[in-house]
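Residue numbers for the sequence shown follow UniProt numbering, so the first one is 1 and each next one is one higher.
Here a beta-carbon is modelled for each residue, glycine too, at the ideal position from N, C-alpha and C.
None of the values given here were measured: they were computed from a predicted structure.
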Amino acid sequence: MGESKIVELKPIEATPASFQEYGQVIEASPDGAEFGPQDAQLDLTRGIPRFYIMHIEDQPLKFSSITHHASVTQCLGSIGGHVWYLGVAKPSIVDNTEVKDDTGGNNNIVQSRCGHFYVPPAVESVRVFRVEGSKFLKINQGTWHAGPLFKGDTMDFYNLELSNTNVSFLSKLVLKFICLLVHLQSYIGVSFFG
């Protein structure tokens with residue numbers, strides 16, 4: 001590996017406006033409120049929905065791989081409203097017609113083991129969001145994500161995805177950089193190798 005470089009990114013508070021390019025922030029609504037744009041806009045049509053409590057231990061404030069689900073949304077929320085973080089990058093799925101176009105376009109196109117095509121996210125496109133309180137994140141189809149990440153030893157999360165998401169729809173990419181959350185300084189250091 002080459003020389004390590006560090007880029008510091010300030011974590012972004014997850015709000016409906018700040019997270020809209022990656023998904024939705026869903027907050028509490030009054031009992032009996034009708035369905036609307038403030039509710040999670042889900043796509044779980046390609047399988048059997050799975051809603052479960054995900055127990056995570058020893059999840060350090062760093063990541064060196066990032067994942068996306070090309071054909072399904074996912075929802076994550078901390079049980080108890082504890083502070084947690086999620087690394088994200090915009091969806092980069094490439095339409096099959098773009099792949100067949102031989103005009104010499106993007107040479108970074110990769111085919112996943114699931115069969116779809118994508119362009120790996122650049123270090124400059126990675127963001128980290130801070131989530132706290134009684135809210136959850138709905139992650140759009142194709143949004144790259146790493147985490148949930150948190151400071152404590154263990155944390156439990158609500159997770160809504162498909163029963164076969166991690167078998168049929170998961171694309172995992174090992175990054176050429178390591179993202180480190182520097183919690184005490186409220187910054188995230190992104191290390192990558194040039």
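By the 16-neighbour rule on beta-carbons within 10 angstroms, Phe-63 is buried. Using a Cβ distance threshold of 7 Å, Phe-129 and Leu-86 count as a contacting pair. A check of alpha carbon separations from Gly-23 across Asp-31, Pro-37 and Gly-152 identifies Pro-37 as the nearest.
Looking at the DSSP output, Gly-77 bridges to Tyr-158.
Distances from the CA of Glu-13 to each of Glu-132, Gln-59, Met-54 and Phe-150 were compared; the closest alpha carbon is that of Glu-132. DSSP, reduced to helix, strand and coil, places Glu-27 within a strand of the structure shown.
Here the C-alpha atom of Ser-134 lies approximately 43 Å from the C-alpha atom of Asn-107. Thr-97 sits in a helix when the DSSP states are folded into three classes.
In the pairwise beta carbon analysis, the region 26-33 is classified as not touching the region 54-70: fewer than three pairs are separated by under 8 Å.
Comparing alpha carbon positions, the residue from Glu-21, Phe-51, Ala-17 and Ser-71 closest to Asp-43 is Ser-71.
Under the three-state reduction of DSSP output, Ser-125 falls in the helix class. The alpha-carbon separation between Arg-127 and Lys-90 amounts to approximately 9 Å. For Leu-149, the enclosing beta strand (DSSP E) stretches over residues 144-149.
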